[in-house]
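> The structure is given below, and queries will be raised subsequently.
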Amino acid sequence: MILSVQDLSFRYNSHPVLQDVRCEARPDEIVAILGPNGAGKTTLLRCMNAMLRPKTGTVMLGEQDILSLSRREIARSVAHVPQHTEPPRVTAFDAILLGRRPWIGMNVHQDDILKVQVIIEQLHLSGLALRHVDAMSGGELQKIVIARALVQEPRVLLLDEPTSSLDLKNQHEIMRFIRSVVHTHHLTALMTMHDLNLALHYADRFVLLKEGMVYAAGGEEVITPKLIEEVYGVPVAIRRWGGRNVVVPHADADDSLRLPGDSPGTVMSM
Amino acid sequence: MHLDISAVQEPGAYTGYIRKKVLFLCACTVILVLLAFVSVGVGSVMIPFADVIQTLVYHSSGNAEMIIWNIRLPRVLAAVVCGIGLAAAGVVMQSVLRNPLSSPYTLGVSQAAAFGAAVAITLFGAGTLGRLISDAIVVNNPYLVTICAFMSSLVATSVILLVAKYRSTSPEVMILVGVALAALFTAGTTFLQYFSSAEQIAAIVFWTFGDVGRATWSDLAIIVAVITPCLVYFMVKRWDYNALDSGDETAKSLGVNAERVRTVAMFLSSLIAAVVVSFLGIIGFIGLVSPHMVRRIIGDDQRYLLPGSCIVGGIILLGADTVARIIIAPAVLPAGVLTAFLGAPLFLHLLIRGTRS
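Chains A and B are the protein sequences, given in the same order. Position 44, counted from 1, in the first sequence is what my numbering calls 50; the numbers after and before it change by one each time, with no gaps. Position 295, counted from 1, in the second sequence is what my numbering calls 616; the numbers after and before it change by one each time, with no gaps.
Structure representation (C-alpha cells):
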C-alpha cells in the first residue's frame with residue numbers, strides 16, 4: 007500500500023510545525039525521516055495515522071484519504087510504534103495480543119491467539135512470552151512493542167525512533183528485524199531517526215526535514231556532506247567503509263562545538 | 322500483511338496461564354455465593370443455614386420468612402450489588418486515569434454525591450425524618466436524590482478530568498485534587514447542617530455513614546437498573562481500557578478514541594458512585610481495595626481484573642456488613658466504618674510503597 011503525503015501543513019495553536027510537506031513511501035521500502043530536533047519528524051509521523059489532523063493537505067492511504075476512515079479502519083492498515091511506551095503490568099503475550107484490538111469484536115478468537123504465537127515464534131520471543139512487560143529491559147520492551155504492531159497485520163508501519171533507547175547490539179538487531187519483516191510481508195515502513203549511519207545502513211530512501219519543510223528527499227545519493235551541514239549545522243565527511251557510506255562529523259571545523267579550553271584543531275570525539 | 326497460522330500450535334503455557342485466571346474468578350464467585358447464604362442467616366437473630374435454604378427455596382411461615390425476605394435478603398443483595406458497582410467504578414477509574422490511587426472515594430466523587438443528596442433531602446424535601454434511629458431518614462423521592470447526587474458528583478468528575486488533561490499530573494497530585502474536592506463538598510454538607518434542625522443534623526450525620534441496611538426492595542431495583550448497564554458497558558470496553566494502560570498514543574494507534582473512552586468511563590463511574598451514595602451513604606475504599614487485591618493475584622489485564630475486582634468488591638462489602646452485624650450484636654455497625662478500617666491502611670501502604678512498583 008502506498009502512503010503519500012500531499013502538501014501537508016500542521017500547526018500547534020499558532021505555531022507552525024509542518025509546511026507543505028510532500029513525501030511518499032511504497033511497499034518493500036523503508037523511508038527514513040531525518041532532521042534535527044524540532045524539525046517536525048514526530049508530528050509528521052502522527053499525521054500519517056491521523057492521530058493529529060493536518061490543517062491543510064492530505065495523507066492518502068492507497069486510494070483513500072486517511073481522514074475519511076474511522077480510527078479502527080486506520081488501525082487495520084497502519085501500525086504505529088511510539089517513541090515511548092508505558093509498560094503495562096501484563097505478560098508479553100497479553101501485551102502483544104492487544105495489537106489484535108482493531109480486529110476483535112467482543113472477545114479474542116482462537117485465531118488471534120495463534121497469530122500472536124506466530125509473531126512470537128518469528129521474533130524468537132518465546133522465552134519472554136509469559137514474563138511481565140514492566141520488568142523488561144528497553145530492548146526487550148521494544149521488541150514486544152514492535153511485535154504488537156505487527157500482529158495488527160498492518161500494511162504500513164510507522165516507527166518513531168525505534169532505536170533511540172537501545173544499545174548498539176539491540177539497535178542493529180531491531181533494524182535488521184524491521185528490514186526483514188518489511189521485505190517478507192511487503193510492508194511500507196516509515197521511521198523517524200536520529201542516527202544517520204543507522205539510517206544509511208537500513209533505509210532505502212530518505213526525507214530530510216528542516217524547520218517543518220522537506221529540505222531534500224530521495225535515495226542515498228541525496229545524503230551529501232553539504233546537505234547534512236545545511237540541515238544539521240554540523241560539518242561532516244562521508245566515507246566509504248565496508249561497501250557503504252558512513253557519515254563522520256568533523257566537529258573541529260565548527261566553533262560552536264568546541265569545548266572551552268580546546269585548542270583550535272583538536273578533534274572532538276563524538 | 323497476513324499472518325499464516327496454519328503452522329503454529331496452540332500456546333499451551335499461555336492457555337494454562339489464562340485458565341488459572343478463570344479458575345480464580347470461579348473460586349471467587351463460589352465464595353461470594355456461599356458468603357451470601359451464610360450472611361442471610363447472621364445477625365441479632367441467628368437463623369440456621371438449613372432454615373435459610375429452606376426459606377429461600379420453599380418459603381416458610383414464621384419469623385425466619387419475615388426476617389429473611391424483608392430484612393436480610395435486601396440487605397445482602399444491596400451489599401453485593403453495591404460492592405460490585407463500587408469496585409467496578411474504582412478499577413475503571415484507575416485504568417482510564419492511569420492512576421492506581423483512584424476510586425470514587427479517594428477522588429472525592431462520593432463526597433460530592435453525598436452533598437448533592439443532602440441538598441435534595443434538606444432543601445428539596447426529598448426525605449423525611451423517620452421515627453426510629455435505625456431509619457433516621459426516609460427517602461421518599463429516591464429519583465430526585467439520585468439525580469441531585471449524580472449532578473453533584475459530575476462537578477467533581479469534571480474537575481478531575483480537567484486536571485487529568487495536564488499531562489504531568491502524577492497520581493499523588495490527583496489525590497490532592499481528591500482531598501480538595503472531598504473537603505469542599507464535606508464543607509458544603511456541613512453548611513447544610515448548620516441551617517438544619519437538630520433532628521436533621523442527626524439524620525444527615527447518621528446518613529453519611531455508609532450502611533447497606535438502608536436499602537429496600539424498590540431501592541435495590543433502582544440500584545440494579547443503574548449498575549447493570551454500566552457493568553455491561555465496562556465489559557464491552559475492557560479492551561479499550563487495556564489499550565489505555567499502555568498510554569494514549571498506543572491506544573489511539575490501536576483505533577481507540579482515548580478521550581471519549583476516558584470521559585464516558587468517568588461519567589459512568591460517577592453515576593455508580595452517585596446511586597450507591599444516594600441509597601446507602603458513603604462507603605469508602607471498596608473501589609480502591611478490591612482492584613488492588615485482585616491485581617496482586619491475576620495482574621493488570623482488564624479482561625480478568627474487571628470481573629475479578631467486581632466479585633471481590635461484592636465479597637468485601639458483604640463480608641464487612643456481616644461482621645458489622647455481629648461484632649457488637651445486637652447493635653449493628655455501619656459497614657462503611659469497617660471498610661474504612663480495612664481500606665485506610667492499604668491506602669497508606671500504597672502511598673508509602675510508591676504507586677508504581
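We put the beta carbon where it would ideally sit given N, CA and C, even for glycine.
Chain A beta carbons: is any one of them nearer than 9 Å to that of residue 324 of chain B?
It does: the Cβ of residue 324 of chain B has a partner Cβ on chain A nearer than 9 Å.
> Could you tell me which of A/211, A/195, A/216 sits nearest to residue 43 of chain A, measuring between CA atoms?
Considering only alpha carbons, the answer is A/216.
> Under 7 Å Cβ-Cβ, which residues of chain A neighbour residue 369 of chain B?
Correct list: empty, because the minimum Cβ distance to chain A is about 43 Å.
> Based on Cα-Cα distance, which residue from B/570, B/396, B/579, B/437 lies nearest to residue 559 of chain B?
With distances taken between Cα atoms, residue 559 of chain B lies closest to B/579.
> Apart from the five residues on each side of it in sequence, which residues of its chain come closer than 8 Å, Cβ to Cβ, to residue 661 of chain B?
Counting only Cβ-Cβ distances below 8 Å, and skipping sequence neighbours, we find 605, 606.
> Does any residue of chain B have a CB that is nearer than 9 Å to the CB of residue 76 of chain A?
It does: the Cβ of residue 76 of chain A has a partner Cβ on chain B nearer than 9 Å.
> Can you tell me the Cα-Cα spacing of residue 553 of chain B and residue 114 of chain A, whole angstroms?
Those two C-alpha atoms are separated by around 17 Å.
> Counting only Cβ pairs nearer than 7 Å, list the residues of chain A close to residue 580 of chain B.
Here the premise fails: no neighbours, minimum Cβ distance about 12 Å.
> Would you call the CB atoms of residue 631 of chain B and residue 592 of chain B closer than 9 Å?
Not in contact: residue 631 of chain B and residue 592 of chain B (Cβ atoms no closer than 9 Å).
> Can you tell me whether residue 126 of chain A is helix, strand or coil according to DSSP?
In the structure shown, residue 126 of chain A sits in a helix (DSSP, three-state: H, G or I).
> Of the residues B/547, B/443, B/486, which one's Cα is nearest the Cα of residue 517 of chain B?
Here the closest residue by C-alpha is B/443.
> Would you tell me roughly how many angstroms separate the C-alpha atoms of residue 602 of chain B and residue 532 of chain B, rounded to the nearest one?
Going by the C-alpha atoms only, they are around 6 Å apart.
> Can you find a C-beta in chain A that's less than 9 Å from the C-beta of residue 571 of chain B?
With 9 Å as the cut-off, residue 571 of chain B counts as an interface residue toward chain A.
> Excluding five sequence neighbours on each side, which residues of the same chain lie with their C-beta closer than 8 Å to the C-beta of residue 613 of chain B?
The answer, listed in chain order, is 421, 667, 671.
> How is residue 514 of chain B classed by DSSP in three states: helix, strand or coil?
Helix at residue 514 of chain B.
> With a threshold of 16 other CB atoms inside 10 Å of the CB of residue 14 of chain A, please say whether the residue is buried or exposed.
Result: buried.
> On the criterion of 16 or more Cβ atoms from any shown chain inside 10 Å, does residue 347 of chain B qualify as buried, or is it exposed?
Exposed, because fewer than 16 other Cβ atoms sit within 10 Å of the Cβ of residue 347 of chain B.
> Against residue 292 of chain A, what residues of chain B qualify as contacts under a CB-to-CB distance less than 9 Å, listed in chain order?
For chain A, the structure presents residues 7 to 276; residue 292 of chain A sits outside this window and is missing.
> Of the residues B/429, B/465, B/537, B/361, which one's Cα is nearest the Cα of residue 475 of chain B?
Checking every option, the nearest Cα to that of residue 475 of chain B belongs to B/429.
> Quick check on the burial criterion: 16 or more other C-beta atoms within 10 angstroms. Buried or exposed for residue 452 of chain B?
Low confidence applies to residue 452 of chain B: its pLDDT is 49, below 50, so where it sits in the model is not reliable, and the reading given next is rough at best. Per the 10 Å Cβ criterion, exposed.
> Closest Cβ-Cβ distance between residue 393 of chain B and chain A: below 9 Å?
Not an interface residue.
> Between B/395, B/340, B/341, which lies nearest to residue 544 of chain B when the distance is taken from Cα to Cα?
Selected option, being the one with the closest Cα: B/395.
> Which chain A residues sit within Cβ distance under 9 Å of residue 557 of chain B?
The contacting residues are 112.
> Could you give the residue range of the alpha helix (DSSP H) that holds residue 571 of chain B?
That run of the alpha helix (DSSP H) goes 569–574.
> Going along chain B in order, which residues have a C-beta closer than 7 Å to the C-beta of residue 55 of chain A?
Those are 574, listed as they occur along chain B.
> Strictly below 9 Å CB to CB, what residues from chain A border residue 331 of chain B?
Chain A residues near residue 331 of chain B: 116, 119, 120, 123.
> Check the Cβ-Cβ distances between residue 338 of chain B and every residue of chain A, and say whether any is below 9 Å.
Interface residue, yes.
> Taking only runs of the beta strand (DSSP E) that begin and end inside the region 166–211 of chain A, which ones reach a length of at least 3 residues, in chain order?
Within the region 166–211 of chain A, the complete beta strand (DSSP E) runs of at least 3 residues are 194–198.
> Less than 9 Å between CB atoms is the rule here; does residue 554 of chain B satisfy it with respect to chain A?
So, not an interface residue.
> Can you tell me where the beta strand (DSSP E) holding residue 63 of chain A begins and where it ends?
Residues 62–67.
> Once you ignore the five residues that flank residue 181 of chain A on each side, which residues in its own chain have a CB closer than 8 Å to its CB?
So the qualifying residues of the chain are 168, 169, 204, 207, 208.
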